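Asker: Note that the numbering used here has the sequence shown beginning at 97, numbered continuously upward. Mind having a look at this structure? Questions to follow.
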Amino acid sequence: MATEKMMILKMLEEGKINAEDAARLLASAEGGGPAITAPASHGNQTPPRPAAPGHPAAPTHGASADGPRPNSPAPTKTVGSTIDDMGRKFGAFMKEMEPKLQKMTETVVEKTASAADSISKSLSSHGEKKSSTGGQTSGHFPSAPAAARPTKTMGGASGIEEMIEIRVTQAGAELNLAGLNGQVLVKGYNGDKINAKIFTVAKRPGARVELATLGNKYYLAFDENDFERVCIDAFVPETMFDNMRVATTNGDIRIATIAATNVMVENMNGSTEIVGVSAKTIVAESNNGHLRLADTKADRASVENFNGGISISKIDIASLKTTTFNGPIDMQIADFAAHDYYNWHVETSNGKLGVILPSYATMGYHIKAHAALDNVKLGLVGMNYLRNDKSFVEAKSINYDAAVKKADMTLVTSNAPLVVN
């Protein structure tokens with residue numbers, strides 16, 4: 097009996113039978129039932145096991161399907177058959193569980209995919225979040241797409257308009273604003289920021305314009321090969337620039353309310369207007385458009401135009417050179433206040449030259465006027481004529497030598513009259 101118990105326990109340890117079968121076999125061994133042996137060693141049989149629920153009991157050895165034969169010994173099962181029966185039951189159990197396991201697996205996969213998708217969206221949301229400084233937050237997240245810039249039509253062209261702002265950190269800076277095939281408007285104000293509205297028509301997608309800095313230099317940076325048109329409308333600090341350059345092609349320029357050391361204005365195929373500017377030096381060059389200079393003060397100024405007229409009014413410039421070709425010059429001077437001595441050279445061709453000058457006792461003029469193919473008319477009073485020809489006149493104010501302020505002027509034109517009043 098002890099040997100049978102050891103065999104049962106060994107089969108339980110090796111996993112050949114479960115605890116329920118082991119308990120039943122041990123109970124049978126203690127009750128004096130048939131002997132139990134391993135299938136490979138002996139032919140001893142174990143008591144019959146009850147049928148599984150829902151299945152008829154298998155007929156025992158020597159019994160018919162209708163029941164056991166009379167006078168037959170009680171059927172028994174070997175340990176091997178018991179293990180086979182357990183295998184069949186496990187197979188049936190797994191067959192029954194297979195669709196449930198499949199459904200469970202599909203559910204797990206679906207939930208995992210859903211969770212992964214939620215995590216991905218969460219990461220993406222965090223990746224697009226901007227930091228308080230305006231930059232991207234840390235981490236390897238994709239940057240947020242740039243907001244679409246509104247389109248606008250200007251002069252029949254459809255393009256992009258955007259605002260650019262930058263602070264000028266210290267006085268004595270340099271500013272260079274150059275447009276392309278469009279207008280450039282620059283006006284000074286009492287502040288320390290450049291606020292520029294930029295209108296662009298690009299030749300290729302992704303072309304960019306930026307207001308850049310290099311040391312104390314500020315300039316509009318773009319590749320001319322990438323754009324059809326760049327227009328500028330800017331408010332700039334009135335008094336923080338030593339040097340300022342404003343330029344464009346095929347567009348108008350207007351610069352106003354600026355106080356700087358040096359101001360340069362360059363324009364081709366457009367009108368140019370310089371108003372309310374104060375500087376040491378002013379240089380303005382224009383082609384194929386009218387040029388206007390007004391309410392401006394400077395130590396020196398050079399104003400040149402080609403195929404366009406020049407209008408000058410209310411200026412106070414010590415040294416002035418004004419030249420135009422194929423256009424008239426009209427000058428109206430209200431006062432000479434800032435300097436004691438003025439030296440002007442004004443010349444035009446194929447256009448009338450007209451000059452109106454103030455007359456007061458402390459002002460002395462020395463005027464040389466030459467109209468190559470026309471007449472000179474000098475209408476100033478109190479003049480001493482040194483030469484008075486039809487096309488050439490030289491005259492000085494009677495009080496020139498004693499005058500507090502003096503102005504020497506050379507006025508030249510051709511193919512049109514020259515008038516000084």
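Glycine included, C-beta positions come from ideal geometry on N, C-alpha and C. Remember, predicted model here, so these are calculated numbers, not experimental data.
Which same chain residues, not among the five before or five after residue 403, have their C-beta less than 7 Å away from its C-beta?
Answerer: Here the set comprises 383, 384, 421, 422 and 423.
Asker: For the region 358-371 against the region 300-320, are there 3 or more C-beta pairs whose distance is under 8 Å?
Answerer: Too few Cβ pairs lie closer than 8 Å, so no.
Asker: If you measure between the beta carbons of residue 324 and residue 297, is that distance less than 9 Å?
Answerer: Cβ distance < 9 Å, so residue 324 and residue 297 count as in contact.
Asker: Quick check on the burial criterion: 16 or more other C-beta atoms within 10 angstroms. Buried or exposed for residue 109?
Answerer: Exposed, by the Cβ-count rule.
Asker: From the DSSP output, in three-state form, read off residue 156 for me.
Answerer: Reliability of the predicted coordinates at residue 156 is poor, the pLDDT of 44 falling under 50, and the value obtained from them is presented with this limitation in mind. DSSP places residue 156 in coil when its eight states are reduced to three.
Asker: With burial defined as no fewer than 16 other Cβ atoms inside 10 Å of the residue's Cβ, what is the status of residue 455: buried or exposed?
Answerer: Its Cβ having fewer than 16 others within 10 Å, residue 455 is exposed.
Asker: Name the residue from 287, 299, 339 and 279 whose alpha carbon lies nearest to the alpha carbon of residue 348.
Answerer: Ranking the options by Cα distance to residue 348, first place goes to 279.
Asker: For residue 391, tell me which candidate among 401, 381 and 407 has the shortest Cα-Cα distance.
Answerer: Among 401, 381 and 407, the Cα nearest to that of residue 391 is on 407.
Asker: For residue 419, which option in 507, 304 and 310 has the closest C-alpha, if you only look at C-alpha atoms?
Answerer: If we check each option's Cα against that of residue 419, 507 comes out closest.
Asker: Between the beta-carbon of residue 291 and the beta-carbon of residue 261, is there less than 9 Å?
Answerer: Going by C-beta atoms, residue 291 is nearer than 9 Å to residue 261.
Asker: Given a threshold of 16 other Cβ atoms within 10 Å of its Cβ, counted over all protein chains shown, does residue 480 qualify as buried or as exposed?
Answerer: Counting Cβ neighbours within 10 Å, residue 480 comes out exposed, since fewer than 16 surround it.
Asker: Could you tell me which residues DSSP pairs with residue 450 in its beta bridges?
Answerer: Note: residue 450 sits in a beta bridge opposite 426 and 515.
Asker: How many Å lie between residue 358 and residue 328 at the Cα?
Answerer: About 21 Å.
Asker: Straight-line CA distance for residue 344 to residue 277?
Answerer: So the alpha carbons of these two residues sit roughly 7 Å apart.
Asker: Who pairs with residue 509 in a beta bridge, going by DSSP?
Answerer: Answer is 467, bridged to residue 509.
Asker: Inspect the beta-carbon positions of residue 514 and residue 410 and report whether they are closer than 9 Å.
Answerer: No, they are not a contact pair.
Asker: Please identify the residue among 512, 254 and 335 whose C-alpha is closest to the C-alpha of residue 265.
Answerer: Nearest C-alpha to residue 265: 335.
Asker: Can you give the Cα-Cα distance for residue 470 and residue 458, rounded to whole angstroms?
Answerer: If you take the alpha carbons of residue 470 and residue 458, they lie about 32 Å apart.
Asker: With distances taken Cα to Cα, identify the nearest neighbour of residue 428 among 287, 436 and 413.
Answerer: Comparing Cα positions, the closest option is 413.
Asker: Give me the DSSP bridge partner(s) of residue 398.
Answerer: Its beta-bridge partners are 379 and 417.
Asker: If you reduce the DSSP assignment to three classes, tell me which class residue 102 lands in.
Answerer: Three-state DSSP puts residue 102 in a helix.
Asker: Consult DSSP for residue 388 and reduce its assignment to one of helix, strand or coil.
Answerer: Residue 388 falls in the strand class under three-state DSSP.
Asker: Check residue 243 in the structure and name its three-state DSSP category.
Answerer: With a pLDDT of only 37 at residue 243, under 50, the local geometry of the prediction cannot be trusted, and the value read off the model is given with reservation. Coil at residue 243, not helix or strand.
Asker: Would you kindly work out how many angstroms separate the C-alpha atoms of residue 389 and residue 440, rounded to a whole number?
Answerer: Their Cα atoms are separated by approximately 15 Å.
Asker: How would you call residue 114, buried or exposed, if buried means at least 16 neighbouring beta carbons within 10 angstroms?
Answerer: The residue in question, residue 114, is exposed, as its Cβ has fewer than 16 Cβ neighbours within 10 Å.
Asker: For the beta strand (DSSP E) holding residue 490, just list the boundary residues, first then last.
Answerer: Segment 488-493, the beta strand (DSSP E) holding residue 490.
Asker: By how many angstroms is the C-alpha of residue 451 removed from the C-alpha of residue 445?
Answerer: Roughly 15 Å between the two C-alpha positions.
Asker: Express the C-alpha separation of residue 505 and residue 430 in angstroms, rounding to a whole number.
Answerer: Going from the Cα of residue 430 to the Cα of residue 505 covers about 16 Å.
Asker: Does the Cβ of residue 482 have 16 or more other Cβ atoms within 10 Å, making it buried, or fewer, making it exposed?
Answerer: Answer is exposed; the Cβ neighbour count stays below 16.
Asker: By DSSP, does residue 346 sit in helix, in strand, or in coil?
Answerer: The answer is coil: DSSP assigns residue 346 none of H, G, I, E or B.
Asker: Three-state secondary structure (DSSP) at residue 519?
Answerer: Within the shown structure, residues of the chain are numbered from 97 to 517, placing residue 519 beyond reach of any answer.
Asker: Closest to residue 272 by C-alpha separation, out of 377, 464, 478 and 337, would be which residue?
Answerer: When each option's Cα is compared against that of residue 272, the closest is 337.
Asker: Just curious, the beta strand (DSSP E) that residue 484 is in, first and last residue?
Answerer: Counting along the chain, the beta strand (DSSP E) containing residue 484 begins and ends at 479-484.
Asker: Excluding the 5 residues preceding and the 5 following residue 340 in the sequence, name in chain order all residues of the same chain whose CB lies nearer than 6 Å to its CB.
Answerer: Result list for residue 340: 271, 356 and 359, in chain order.
Asker: Assuming residue 499 and residue 460 are in contact, meaning their beta carbons sit under 8 Å apart, how far apart are those beta carbons, in whole angstroms?
Answerer: With a Cβ gap of about 3 Å, residue 499 and residue 460 count as contacting.
Asker: Nearest CA to the CA of residue 490: which residue from 393, 466, 512 and 405?
Answerer: Of 393, 466, 512 and 405, the residue nearest in Cα terms is 466.
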